[in-house]
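These notes concern the structure reproduced below.
Residue numbers (my numbering): 20 to 711.
Following this line, the structure appears as structure tokens:
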């Protein structure tokens with residue numbers, strides 16, 4: 020029998036494979052507890068249940084694999100083809116989720132007032148007899164595991180959370196609620212929880228289901244109707260909440276499934292997406308489109324931030340110039356203006372095609388060619404990239420489309436290469452794409468029409484085969500002839516091909532400009548957003564409230580939730596970081612750290628940096644980051660404050676902090692989960708003003 024297990028390499032990469040061993044050995048190998056907790060009377064219940072969970076996991080995995088092999092070997096046509104494809108997809112997805120969970124599938128257990136235990140896992144499991152041995156963390160039955168508190172125990176008397184490390188339980192954290200048997204729990208007050216917070220980091224983020232707190236869980240399970248803002252300072256678990264909420268909503272909200280509206284997850288930059296890339300698959304969700312804003316507007320090459328702050332500020336006000344820029348190319352010839360009315364709300368290129376089709380019906384055959392040339396000059400085919408590029412290369416065009424700009428500002432925006440796109444151009448390009456449409460859309464639409472016609476013919480043939488082969492008493496396949504069969508045969512679109520989503524999750528949302536918000540609002544007509552950020556970490560400043568900003572950009576009035584507990588950053592680091600941001604933003608949401616590790620913030624001369632990193636690497640596990648200086652060193656990354664945002668490291672070394680403004684210093688300092696080192700270079704400080 021095969022038991023799926025998971026281990027982590029030295030680089031933090033998940034490895035999966037089969038392990039052959041009897042159940043008793045598997046269960047005993049799951050425990051590697053401290054001596055004072057290795058008491059059979061305190062773990063016997065767990066041993067029995069983990070034996071059942073291990074057996075159920077092994078049984079389920081083997082059963083799924085056998086069924087998958089059997090389905091793949093099936094031949095035939097008609098009904099067999101349909102059933103084989105659907106069943107292969109379903110079995111493969113379930114098998115992959117179980118193998119990812121591996122031996123760490125169980126998060127812990129709750130005990131209610133009647134003495135009943137409920138074991139909660141990353142996925143649900145039943146044994147060979149159909150008995151539920153593990154409930155999925157997203158189900159209502161699992162909610163007390165995360166949400167119960169001593170003030171609101173939700174019917175529980177006790178809760179136990181496991182701490183796993185490389186497939187073994189290395190500690191557990193017991194909590195006793197009102198009315199519990201005092202002898203039942205270890206009462207070691209958050210040992211596993213606090214230890215997990217200080218554990219070494221790896222290059223990839225892992226889900227932290229076992230330590231989700233009640234305030235975080237309430238946000239994760241909140242309704243997806245309308246916009247929800249999660250405001251929290253460094254280390255409060257904003258990203259954890261955003262990722263776990265994504266997985267929960269896909270499971271619990273039927274409007275958001277992959278074959279329905281879908282979910283878009285937007286992160287601040289590519290290193291962030293690489294860091295969190297394993298979390299959603301680890302939670303059983305593969306189909307979420309995770310991207311940066313740049314990924315939403317492909318331009319055929321990389322885009323860099325605008326180097327000139329004045330130019331960047333001007334571009335942030337130019338989105339409204341796209342409408343008049345396109346409208347200049349929408350003048351019907353006199354003879355056509357009397358025959359047709361331009362369609363409303365239709366992209367330029369699509370309207371062009373529709374207008375010409377309608378005009379041809381009013382023309383004599385001999386004048387079609389001449390009139391077509393006149394029409395195409397008055398209403399030409401446009402490329403959205405050319406529209407924006409012309410604004411930056413033709414001063415008269417920009418002056419006409421953006422009359423609020425001064426002559427000097429117009430010339431400041433001109434550039435030699437119109438296609439040298441920057442991050443600040445993305446909202447303009449996106450607005451132009453929405454207003455103009457794809458210049459190849461007509462050709463692509465005709466191609467899709469041919470493909471769809473062929474697909475309909477194929478489906479009709481498959482339907483006929485299924486019905487002809489149906490010898491069941493109730494003729495069930497005939498009942499599927501309508502919409503159900505159509506849905507079964509439909510292939511869902513690729514996530515990257517979608518322009519509209521039922522829900523959008525935005526992390527580090529405090530950084531978005533009004534123009535960038537319009538990009539996202541365009542993709543979420545329902546205004547169903549999860550918005551995660553911290554006003555104090557806004558590099559451009561954030562003087563207004565969340566409600567004021569989001570109402571202005573068209574998101575709507577949000578529900579606001581606050582996270583105020585810092586689970587990541589030691590108190591020693593926060594004591595140094597808090598004054599930095601308070602001097603800039605007195606009302607900043609600075610969270611309270613839950614732990615102190617006794618490691619003071621250290622100052623270091625730049626000449627000693629190399630030796631210090633050598634010693635740290637030799638004596639410590641985990642990963643480090645040097646911010647503001649490039650180093651070549653194992654397990655040490657070199658990043659700017661901007662690219663470090665959203666990430667966390669065991670050690671953070673901030674070089675020449677005096678070079679940075681308050682926000683960048685605050686962000687950089689609070690990336691540390693263990694130790695912060697400040698390196699003074701002696702370089703003169705360059706005061707920076709925050710733009711409003």
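Cβ coordinates follow ideal geometry from the N, Cα and C atoms, glycine included.
| task | Confirm, please, whether the CB-CB distance from residue 330 to residue 443 is below 9 Å. | result | yes
| query | In three-state terms, what does DSSP make of residue 691? | reply | strand
| With DSSP run on the structure shown, which of helix, strand or coil describes residue 145? | strand
| What are the boundary residues of the beta strand (DSSP E) that includes residue 552? | 548-552
| So, is residue 519 buried or exposed, given that buried needs 16 or more other C-beta atoms within 10 angstroms? | exposed
| What is the DSSP secondary structure of residue 682, counted as helix, strand or coil? | helix
| task | Inspect the beta-carbon positions of residue 445 and residue 569 and report whether they are closer than 9 Å. | result | no
| residue 235 classed as buried or exposed, judged by whether at least 16 other C-beta atoms fall within 10 angstroms | buried
| request: Assign residue 524 to one of two classes, buried (16 or more other C-beta atoms within 10 Å of its C-beta) or exposed (fewer than that). | output: buried
| task | Could you tell me whether the Cβ atoms of residue 526 and residue 552 are closer together than 9 Å? | result | yes
| task | Please classify residue 350: does DSSP put it in a helix, a strand, or coil? | result | coil
| said: Rounded to whole angstroms, what is the Cα-Cα separation between residue 328 and residue 266? | reply: 38 Å
| Closest to residue 699 by CA distance: which of 634, 653 and 626 is it? | 626
| Going straight from the alpha carbon of residue 83 to that of residue 314, what length do you get? | 36 Å
| Start-to-end residues for the beta strand (DSSP E) that takes in residue 190 | 187-195
| message | Which complete alpha helix (DSSP H) runs does the segment 408-448 hold, if anything under 4 residues is left out? | response | 414-420 and 426-431
| query | Taking just the CA atoms, how far does residue 186 sit from residue 159? | reply | 27 Å
| request: Could you name the residues that DSSP lists as bridge partners for residue 15? | output: Outside the shown range of the chain, which is 20 to 711, sits residue 15, and nothing can be said about it.
| field | Any 3 or more C-beta pairs closer than 8 Å across the segment 172-187 and the segment 279-299 | value | no
| said: For the pair the segment 243-252 and the segment 572-580, tell me if three or more CB-CB distances fall below 8 Å. | reply: yes
| query | Is residue 576 helix, strand or coil when you go by DSSP? | reply | coil
| field | Inter-residue Cα distance where the pair is residue 124 and residue 417 | value | 59 Å
| task | Say whether the segment 391-411 touches the segment 428-441, bearing in mind that this needs 3 or more beta-carbon pairs closer than 8 Å, one atom from each stretch. | result | yes
| query | Do the segment 559-576 and the segment 286-298 make contact, defined as three or more Cβ pairs closer than 8 Å? | reply | no
| message | Comparing C-alpha positions only, which one of 304, 599, 544 and 238 sits nearest to residue 683? | response | 599
| Should residue 659 go down as buried or exposed, given a rule of 16 or more other Cβ atoms within 10 Å for buried? | exposed
| Straight-line gap, residue 697 to residue 122 (C-alpha atoms, nearest Å) | 41 Å
| said: Closest to residue 603 by C-alpha separation, out of 548, 635, 679 and 585, would be which residue? | reply: 679
| query | For residue 619, does the count of other Cβ atoms within 10 angstroms reach 16, so buried, or fall short, so exposed? | reply | exposed
| Who pairs with residue 183 in a beta bridge, going by DSSP? | 188
| If we call anything under 9 Å between Cβ atoms a contact, is residue 61 one with residue 129? | no
| Can you pull the DSSP bridge partners for residue 140? | 125 and 155
| Strand pairing of residue 624, partner residues [DSSP] | 699
| task | Specify, as a first and last residue, the run of the beta strand (DSSP E) that residue 522 falls within. | result | 522-525
| query | What residues are listed by DSSP as bridge partners for residue 309? | reply | 284
| message | Please state whether the Cβ-Cβ distance between residue 114 and residue 64 is less than 9 Å. | response | no
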